[in-house]
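Trainee:
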């Protein structure tokens with residue numbers, strides 16, 4: 134069993150193979166390749182328009198690549214090309230084995246239904262049919278993301294920005310995904326709320342052994358959460374490496390510029 | 280100038296063919312909403328334009344038509360639709376559930392058990408059960424196609440979280456033939472068990488939304504629920520004041536401004552039948568008057 138676990142960890146979970154996307158003459162993303170291993174956090178950093186979000190959408194199967202492919206190792210251990218999955222399989226993957234945390238929680242939540250139902254929706258979608266158990270699981274997850282359980286029946290539109298974001302995280306993690314995509318999860322939050330959210334994310338990622346692809350323009354977020362960093366500019370990956378190495382000792386001029394643009398505290 | 284101004288049962292034959300094709304497809308795929316080219320009818324949307332088109336398409340000269348609105352044969356909607364077909368198709372009409380071959384209904388299923396020679400036509404305002412949770416038609420269609428019905432349980436979950444029980448009392452979602460989740464039109468959930476394994480063909484027409492769907496005879500129809508909050512039909516806990524029935528669906532009627540009320544069967548034909556057979560409630564209108572036979576070919 135232990136041997137098998139080690140073997141599991143040895144194989145990449147998500148593989149991008151020379152991914153490209155062009156909109157007419159505009160190349161939004163050019164020739165991106167990498168492999169993501171279980172439990173690994175990869176940050177994609179770069180300025181606006183560098184192709185980060187396009188890349189994330191291709192990785193999560195929401196956008197068809199113009200060239201190249203994305204493969205994912207399914208729970209049965211078989212690595213499959215995302216483009217070869219049927220729509221039903223892809224959608225099932227999306228709500229069981231994957232999570233997607235949007236920058237704007239309103240996109241990832243149902244704002245008009247209660248927090249409990251928001252968390253429980255994925256469970257009901259995979260066939261849970263026992264109200265008390267769904268509710269128990271929902272309260273458990275609200276506690277884990279530090280939301281007062283007394284607010285389980287309130288709709289997220291009555292929540293603050295930080296709470297909404299934490300609720301969105303709980304909603305994504307309830308089915309025990311192995312891979313979570315995050316698109317600027319701390320965008321639009323004030324610094325103290327950001328710090329709390331990052332702390333929470335870091336703990337959950339370690340505890341659940343999650344693999345994460347996180348898109349951010351905030352280098353502090355990358356430094357705090359990620360193991361590896363990919364720096365993008367004009368649709369290309371200009372530099373990639375361990376987070377500390379890239380951020381403390383950048384080689385490329387663009388990365389040096391990016392790192393030096395941060396105001397000293 | 281002596282030619283009739285319209286075809287038998289108002290709609291022209293090509294339109295009826297189009298509707299019949301939609302009906303056949305609906306029967307072939309139980310619970311699936313088939314789009315159809317709904318026509319303008321000489322009545323406003325919300326008055327049963329969908330049901331009327333379905334009825335017009337299936338009606339033959341020898342059919343006997345019954346129309347009910349909330350169980351009643353003598354409310355405005357029921358009377359005007361019955362008159363409409365008596366005039367445009369010249370078919371016999373009745374208020375008796377047993378004698379009817381086609382029953383068009385708004386919001387109820389008759390208490391008297393239906394049989395194989397009957398067709399029940401429902402008027403449907405909003406055919407999409409997922410609509411209030413997912414506003415995008417493209418998305419709800421995809422959800423039906425992939426049988427992704429978790430969202431339906433979200434609605435029931437919300438009910439329990441808010442009221443302690445499944446408070447949805449009408450338009451209670453059902454799963455048809457273990458495949459499609461369907462809105463049974465705004466019938467009270469009391470009627471849901473009657474849809475299951477029903478010998479009569481059940482057709483649903485939504486005129487404004489341009490959808491037809493169907494439950495073929497003897498099809499499994501299951502009301503959605505949770506294991507620990509099972510489906511329960513609801514009924515006021517009282518006998519009918521007029522006929523004393525303990526098993527029929529009741530209307531609550533407020534009788535003065537001091538809080539008095541009475542409960543009477545919503546199915547008027549059932550209630551009158553029971554009174555004619557000698558059953559009495561607390562306020563029976565005795566002696567029972569014989570029903571005047573309704574004029575047909577009116």
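Residue numbers (my numbering), protein chains in the order written: chain W, 134 to 398; chain C, 280 to 577.
Even for Gly, the Cβ is constructed at its ideal location relative to N, Cα and C.
#1: Flag this pair as touching only if the region 481-495 of chain C and the region 524-535 of chain C have three or more C-beta atom pairs under 8 Å; answer yes or no.
#2: Using a Cβ-Cβ cut-off of less than 7 Å, give me the residues of the region 259-272 of chain W that come near chain C, in sequence order.
#3: Would you list, in sequence order, the uninterrupted beta strand (DSSP E) runs of no fewer than 3 residues that lie entirely inside the region 294-364 of chain C?
#4: With 16 other CB atoms within 10 Å as the buried threshold, where does residue 327 (chain C) fall?
#5: Which same chain residues, not among the five before or five after residue 271 (chain W), have their C-beta less than 6 Å away from its C-beta?
#6: With a threshold of 8 Å between beta-carbons, can residue 416 (chain C) be considered close to chain W, or not?
#7: Out of C:399, C:387, C:385, C:462, which one is the CA nearest neighbour of residue 312 (chain C)?
#8: Going by DSSP in three states, residue 519 (chain C) sits in which element: helix, strand or coil?
#9: So residue 346 (chain W) and residue 225 (chain W) are supposed to be a Cβ contact under 8 Å. How far apart are they, rounded?
#10: Which full runs of the beta strand (DSSP E) of 3+ residues lie inside the region 396-484 of chain C, going along the chain?
#11: Kindly identify the DSSP beta-bridge partner or partners of residue 212 (chain W).
#12: Report the residues of the region 439-455 of chain C with a CB closer than 8 Å to any CB of chain W, ordered along the chain.
#13: Against chain C, which members of the region 186-198 of chain W pass a CB distance test of less than 9 Å?
#14: Have a look at residue 153 (chain W) and residue 350 (chain W) and give me their C-alpha separation to the nearest angstrom.
#15: So, do the region 303-318 of chain C and the region 492-500 of chain C have three or more beta carbon pairs nearer to each other than 8 Å?
#16: 8 Å is my cut-off, CB to CB: does residue 207 (chain W) come that close to chain C?
#17: Listing by chain order, which chain W residues have their CB less than 8 Å from the CB of residue 433 (chain C)?
#18: Rounded to a whole number of angstroms, what is the C-alpha to C-alpha distance between residue 300 (chain W) and residue 243 (chain W)?
#19: Would you kindly check if the distance between the Cβ of residue 433 (chain C) and the Cβ of residue 501 (chain C) is under 8 Å?
#20: Measuring CA to CA, which of C:322, C:329, C:371 is closest to residue 314 (chain C)?
#21: Can a CB atom of chain C be found closer than 8 Å to the CB of residue 304 (chain W)?
#22: Mind listing, in chain order, the continuous alpha helix (DSSP H) runs of no fewer than 4 residues lying wholly within the region 206-277 of chain W?
#23: Is the beta carbon of residue 314 (chain W) sitting closer than 8 Å to the one on residue 192 (chain W)?
#24: The alpha helix (DSSP H) that contains residue 387 (chain W), what's its start and end?
#25: Of the residues W:176, W:156, W:381, W:239, which one's Cα is nearest the Cα of residue 344 (chain W)?
#26: Please go through the same chain and pick out, in chain order, the residues whose beta-carbon is closer than 8 Å to the beta-carbon of residue 413 (chain C), but skip the five residues on each side of it.
#27: Could you say which of C:506, C:342, C:396, C:365 lies nearest to residue 625 (chain C) if we only look at CA atoms?
#28: What residues of chain W sit near residue 506 (chain C), judged by a beta carbon separation below 7 Å?
#29: Hey, is residue 311 (chain C)'s beta-carbon within less than 8 Å of any beta-carbon in chain W?
#30: Chain W partners of residue 425 (chain C), CB-CB under 8 Å?
#31: What distance in whole Å lies between the Cβ atoms of residue 173 (chain W) and residue 356 (chain W), which are believed to be in contact at a cut-off of 8 Å?
#32: Buried or exposed for residue 240 (chain W), please, with buried defined as at least 16 other CB atoms from any protein chain shown within 10 angstroms of its CB.
#33: Could you spell out the range, first to last residue, of the beta strand (DSSP E) harbouring residue 379 (chain W)?
#34: Considering only C-alpha positions, which residue in the set W:308, W:275, W:305 is nearest to residue 292 (chain W)?
#35: What does the Cβ neighbour count give for residue 189 (chain W), buried or exposed, with the cut at 16 atoms within 10 Å?
#36: Using the rule of at least 16 other Cβ atoms within 10 Å of the residue's Cβ for burial, across every protein chain shown, is residue 476 (chain C) buried or exposed?
Mentor: From the atom records:
#1: no
#2: 262, 263, 264, 265, 267
#3: 343-348
#4: buried
#5: 249, 252, 253
#6: no
#7: C:462
#8: coil
#9: With 8 Å as the limit, residue 346 (chain W) and residue 225 (chain W) do not qualify as a contact, their Cβ atoms being about 20 Å apart.
#10: 398-402, 453-455, 459-461
#11: W:206
#12: 439, 440, 441
#13: none
#14: 21 Å
#15: yes
#16: no
#17: 243, 246, 250, 253, 254, 257
#18: 11 Å
#19: no
#20: C:329
#21: no
#22: 220-229, 238-241, 248-258, 264-277
#23: yes
#24: 386-393
#25: W:176
#26: 419, 422, 430
#27: This structure cannot settle anything about residue 625 (chain C), because the visible part of chain C is limited to 280 through 577.
#28: 262, 263
#29: no
#30: 220, 221, 224
#31: Contact flag wrong, Cβ pair sits at about 16 Å.
#32: exposed
#33: Residue 379 (chain W) -> not in any beta strand (DSSP E); alpha helix (DSSP H) instead, spanning 376-381.
#34: W:275
#35: buried
#36: exposed
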